[in-house]
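Count the sequence shown with the working numbering and you get residues -15 to 169, in order. Every residue gets a Cβ at the ideal spot worked out from N, C-alpha and C, and that includes glycine. Below is one structure, written out as structure tokens, with a few remarks after it.
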Amino acid sequence: MILPGKKRIAAIDIGTNSFHLIIAEVNEDGELKLLDRQREFLRLGSEFGEDLSFISDNEKAKAISVLKNFSTLAKYHKANIRAVSTSAVREANNKTEFIEAVFKETGIKVETIEGTEEANLIFLGMKNALPINDKSVLGIDIGGGSTEFIYGVNGSPVFAESVKVGAVRLSKKFFPDFVITESLI
């Protein structure tokens, strides 16, 4: 049962390396109570080349399967879903096809966000998890397809930047089969 003055949200992060789900109850003061959390590793966009510019049918099917499970959990908790996709979907030549397939199969509307918005959302997460409101802080989030840099002062972001350097992208470039051998090092 959801109490008056509270709402439930399900946040889905469709990243290059992994998909994350957080379901929380939010009270009137904006405080979060974690209800559920899931993470699945997919390496979206990694089957074709180092530039992560295409999501394969196999990757799409795996993504849809994971998102169906996430949707089921959100419905169980009676939570409203916000799903955002980052680098892999943002840069995919077939992102529209991917987003439409996800919606058709799961009912989840995926919003593709730009790197600076991704950085600002990361800063918001830092603010909710850490006592940074009276400090100068630099946050760095190394993702699968990109890395975000966020600088904030007294709880407000001052600078946010996203660069196309991530763990999956670099692995594909230097270790194309995701196999690390002594000769490649």
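Going by the beta-carbon positions, is the gap between residue 18 and residue 2 smaller than 8 Å?
no
Is it the case that the Cβ atoms of residue 138 and residue 117 are separated by a distance below 8 Å?
yes
Residue environment, residue 108, which counts as buried when at least 16 other CB atoms sit within 10 Å:
Counting the other CB atoms within 10 Å of its CB gives residue 108 a total below 16, which places it among the exposed residues.
Can you give the Cα-Cα distance for residue 88 and residue 119, rounded to whole angstroms?
45 Å
Could you spell out where the alpha helix (DSSP H) holding residue 99 opens and where it closes?
99 to 113
From this set, 106, 31, -7, which residue's C-alpha is nearest residue 159's C-alpha?
31
Inspect the CB distances between the segment 9 to 16 and the segment 46 to 57 and report whether three or more fall short of 8 Å.
no
Once you ignore the five residues that flank residue 16 on each side, which residues in its own chain have a CB closer than 8 Å to its CB?
Counting only Cβ-Cβ distances below 8 Å, and skipping sequence neighbours, we find 8, 9, 10, 112.
Go ahead and label residue 74 buried or exposed: buried means 16 or more other beta carbons lie within 10 angstroms of its beta carbon, across all protein chains shown.
buried
Taking only runs that begin and end inside the segment 117 to 157, name each unbroken beta strand (DSSP E) of 3 or more residues, in chain order.
120 to 126, 131 to 137, 140 to 147
Using the C-alpha atoms, what's the distance from residue 5 back to residue 65?
C-alpha separation (whole angstroms): 10 Å.
Tell me the DSSP secondary structure of residue 85 in three-state form.
helix
Taking residue 20 and residue 57 to be in contact with their CB atoms under 8 Å, please state how far apart those CB atoms are, rounded to whole angstroms.
With a beta-carbon spacing of about 6 Å, residue 20 and residue 57 fall inside the 8 Å limit used to define contacts.
Please go through the same chain and pick out, in chain order, the residues whose beta-carbon is closer than 6 Å to the beta-carbon of residue 72, but skip the five residues on each side of it.
0, 28, 29, 36, 129
Once you ignore the five residues that flank residue 133 on each side, which residues in its own chain have a CB closer than 6 Å to its CB?
124, 145
State the Cα-Cα distance for the pair residue 149 and residue 23, rounded to the nearest angstrom.
Linking residue 149 to residue 23 through their CA atoms gives a straight-line distance of about 22 Å.
Please identify the residue among 131, 167, 121, 46 whose C-alpha is closest to the C-alpha of residue 102.
For the residues 131, 167, 121, 46, the minimum Cα distance to residue 102 belongs to 131.
Distance between beta carbons of residue -8 and residue 63, contact taken as under 8 Å:
4 Å
Cβ-based burial, residue 140 [other Cβ within 10 Å; buried from 16]:
exposed
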